[in-house]
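See structure below.
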Amino acid sequence: MKRKVLIIGGGASGLMAAIMAAREGAEVTILEHMDRVGKKILSTGNGRCNLTNLSLKPEHYRSSQKLFPMKVLDRFSVWDTLSFFDGIGIITRNRNGYIYPNSDQAASVLDALRFETEHLGIKTVLSCQIRSAKKTKNGSFLVESDQGTYQGDCLILATGSKAASVSGSDGSGYELAKAFGHTIIKPLPALVQLRCKGTFFKQLAGVRCEAVVRLVSDGKTLAADEGEVQLTDYGISGIPTFQVSRYASQALDAGRRVNAVLDFFPSKSMEDTRAMLKQRKSMLGYRPSGEFLNGVLNKKLAAVLLKQAGIQPDRSCAQIKDSQLESLTMQIKKFEVPVTATNSFEQAQVCCGGVDTRELRPDTMESKLVKHLFLVGELTDVDGICGGYNLQWAWSTGAVAGTTAGRI
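Quick look at the structure:
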């Protein structure tokens, strides 16, 4: 008699778990509450699906248990992932370590996964609202839904987090995990934009520039990252902002003040920037000071920085005082603004927090509390930085859980 594996959630980790369990000979059923599986996959990598990344290091993942992510990734590696997708017909392209399907279409990845589930005879129940999940006295699992009751020998929770609920991640999995006795570390938005205080942001909306984003709280640096920053009418966005945002989420949630310190000229030191500005004053003294930073920074950004430094645009550059020049140096290298909030879960790509990984076995993702219960993907207290790391977490956790469940 075939082992029955139930999977709640048909996202990346759920689909991977289903395929691996079915390949082990199990009878697999996916219960998905959206009208189709894999919706979030379609939005990854701006619709191109950044499948994984060739550089997998501990610093690419964040968790309350720092060693946990790599233990899982050692069990199902990036090379295992590439082999898996090659086996279901996805040719990949390497862009400086970032791996994409050669089609540059996330839809082709989802289609390949769907085709494989159909080929393996995996049953998928769509628009299925879960009411409860429990383990019976005889050791099997019962899942009650609006479409009936399902029984299985193993249960895999692959429900996702609270991020981007439009794609199906509504946070319902946390309650299911809690019902089985698991501890939930408070989920907060991660890989998300930051809302900042400052009337000048409306003037800066749409500006993109190379910068370092550094978060500071209580005089200590929480995190920093460099890359293309996007300035918005409410604050800051872009990859560097996303990379550090989880630390702002946690500090703000703890009631701490957080400031973002932006370095708009990361290629030069403070001293070199100061010398460069002095040279420009000497060389371009005849120009109006409103044009002092022309060719150095974006015009919108330059206008704001000059104003913040107290430099009047209608005077000549020669009239800029040394104190104003010093202030401008600081504005360019240490532009500091209070962070008032992150954007909501709706705008977040992932969450920090989730099921405490101390309660999971890293080699299988099986619960230490409930035998034959597995918890995978974003539901767990692991979040990766941008660059394919969160999808790799989904593939790895889904694979080890599915393989184990299929063999029980």
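For the sequence shown, the numbering used here puts the final residue at 1321, and the numbers step up evenly by one. Each residue gets a CB set at the ideal place from its N, CA and C atoms; glycine is no exception.
Practice prompt. Look at isoleucine 1149 and valine 1126 and say whether their C-beta atoms are less than 8 Å apart.
Written response: yes
Discussion item. Closer than 8 Å is the cut-off here; do at least three beta carbon pairs connect the stretch 1312-1321 with the stretch 1274-1285?
Written reply: yes
Item to complete: Find the nearest neighbour of leucine 1210 within the set Gly1203, Phe1177, Ser1236 and Leu1190, judged by alpha-carbon distance.
Response: Phe1177
Worksheet entry | Closest Cα partner of alanine 1222 within the set Leu1292, Ser1236 and Leu1104 | Ser1236
Worksheet item: Enumerated in chain order, which unbroken segments of the beta strand (DSSP E) with a length of 3 residues or greater are wholly contained in the stretch 1189-1256?
Response: 1248-1255
Practice prompt. Kindly identify the DSSP beta-bridge partner or partners of phenylalanine 1054.
Written response: Lys1048 and Gly1065
Worksheet item: Straight-line CA distance for threonine 1090 to alanine 1173?
Response: Here residue 1090 turns out to be alanine, not threonine, going by the sequence shown. Cα to Cα, alanine 1090 sits roughly 35 Å from alanine 1173.
Worksheet item: Between the beta-carbon of histidine 946 and the beta-carbon of glutamine 1042, is there less than 8 Å?
Response: yes
Worksheet item: Would you report the Cα separation of methionine 929 and glutamate 1239, rounded to the nearest angstrom?
Response: 56 Å
Discussion item. Using the Cβ count rule (16 or more neighbours within 10 Å means buried), how would you classify aspartate 1294?
Written reply: buried
Practice prompt. List the endpoints of the continuous beta strand (DSSP E) containing arginine 1127.
Written response: 1121-1130
Worksheet item: To the nearest whole angstrom, what separates the beta carbons of serine 1045 and serine 956, a pair I think is in contact under 8 Å?
Response: No, serine 1045 and serine 956 are not in contact; Cβ-Cβ is about 30 Å, not under 8 Å.
Discussion item. Comparing C-alpha positions only, which one of Cys1067, Lys1050 and Ala925 sits nearest to alanine 939?
Written reply: Cys1067
Item to complete: Assign glutamine 1262 to buried or exposed, taking buried as 16 or more other Cβ atoms, counted over all protein chains shown, within 10 Å of its Cβ.
Response: buried
Worksheet entry | Endpoints, beta strand (DSSP E) assigned at aspartate 1083 | First-last for aspartate 1083: undefined, no H or E at that position.
Practice prompt. Find out if the Cβ-Cβ distance for the pair methionine 983, alanine 1312 is shorter than 8 Å.
Written response: no
Worksheet item: How about the stretch 1095-1110 and the stretch 1242-1255: do they share at least three Cβ pairs that are nearer than 8 Å?
Response: yes
Worksheet entry | Residues bridged to isoleucine 921 [DSSP beta-bridge criterion] | Leu944 and Leu1070
Discussion item. Am I right that glutamate 1139 and proline 1179 are in contact with their C-beta atoms under 8 Å? What's the rounded C-beta distance?
Written reply: 6 Å
Discussion item. Pull the bridge partners of valine 985 from the DSSP assignment, please.
Written reply: Bridge partners of valine 985: none, in fact.
Worksheet item: threonine 1062: buried (16+ other C-beta within 10 angstroms of its C-beta) or exposed?
Response: exposed
Fill in: Closest residue to histidine 1095 among Asp1146, Thr1270, Leu919 and Asp1185 (Cα-Cα distance)
Thr1270
Worksheet entry | Distance between aspartate 1024 and lysine 1036 (C-alpha atoms, nearest Å) | 16 Å
Fill in: Helix, strand or coil at valine 1289 according to DSSP, with G and I counted as helix
coil
Discussion item. Once DSSP output is grouped into helix, strand and coil, what is the label at glycine 1266?
Written reply: strand
Discussion item. Given this structure, state the Cα-to-Cα distance separating glutamine 1163 from leucine 1070, to the nearest angstrom.
Written reply: 25 Å
Discussion item. Please identify the residue among Asp1185, Asp1083, Ser1182 and Arg1200 whose C-alpha is closest to the C-alpha of glutamine 1260.
Written reply: Asp1083
Discussion item. When you compare the CB positions of valine 1038 and threonine 965, do they come within less than 8 Å of one another, or not?
Written reply: no
Discussion item. For the beta strand (DSSP E) containing leucine 954, name the first residue and the last one.
Written reply: A quick correction: the sequence has isoleucine, not leucine, at residue 954. Premise fails: isoleucine 954 lies in the alpha helix (DSSP H), 952-956, not in any beta strand (DSSP E).
Item to complete: With a cut-off of 8 Å on the beta carbons, I'd call glutamine 1018 and arginine 961 a contact; round off their distance for me.
Response: 7 Å
Fill in: Exposure of leucine 967, with buried meaning 16 or more beta-carbon neighbours within 10 Å
exposed
Worksheet item: Start and end of the alpha helix (DSSP H) containing aspartate 1166?
Response: 1152-1166
Worksheet item: What did DSSP end up calling proline 971 once you bin it into helix, strand or coil?
Response: helix
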